[in-house]
Structures are given as C-alpha cells and as structure tokens.
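Here is the structure we will look at, set down as structure tokens.
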Amino acid sequence: MTPAPITPEKFSVKGDSYIHHGNCLDLLATVPDKSIQLIVTSPPYNIGKEYEARIDLETYQAQQRAVITECVRTLSD
Numbered sequence: 314m315t316p317a318p319i320t321p322e323k324f325s326v327k328g329d330s331y332i333h334h335g336n337c338l339d340l341l342a343t344v345p346d347k348s349i350q351l352i353v354t355s356p357p358y359n360i361g362k363e364y365e366a367r368i369d370l371e372t373y374q375a376q377q378r379a380v381i382t383e384c385v386r387t388l389s390d
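Position in the sequence shown (first residue = 1) + 313 = the working numbering.
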C-alpha cells in the first residue's frame, strides 16, 4: 500500500489513501463522482469544545448537509 500523502489542494485517483488537513469541502470539490471507496470523518459536533467555535443550529445543519451531499456524490457504489 502506498503511504498516505497529505493533499491539501486536490485529490488524485492514483493514490490508495489520503489525509486532508483543512476544510473538507475544498478537497471534496476536486473529487470526481463515485471515486471514493471509504470516507472516515470526525465532524465538529458544535458543543462548544475548546477547539471549535459554537454556531447556531441552522448554520451547523446547513454546513453538515453540504458535507454529506458531497460525500454521497463522491462515494462509489
């Protein structure tokens, strides 16, 4: 298996795995439809942990909806 490169700018189907540190929507925008075999994520839970800023529920839900939509688009059958 190829080591997982950190890919902060764009996705390439040539790698076996990727670690992206940053906004997942930026990376997902570069991913072709149905090209990902597995997505593992740890979303912000919006509960006021010291490393996250708490936002209103509607904004949080809209952000999560956008991420889930992109994950579904990129996930292979």
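We put the CB at the ideal spot given by N, CA and C, even for glycine.
Taking C-beta separations shorter than 7 angstroms and ignoring five residues to either side along the sequence, the partners of residue 350 in its chain run 389, following chain order.
For the pair residue 387 and residue 346, the CB atoms are nearer than the 8 angstroms cut-off. For residue 339, the enclosing alpha helix (DSSP H) stretches over residues 337-341. The straight-line gap separating the alpha-carbon atoms of residue 357 and residue 324 is approximately 22 angstroms. Checking the DSSP bridge columns, you'll see residue 381 has no partner listed. Shown here, residue 370 sits in a helix according to DSSP, grouped into three states.
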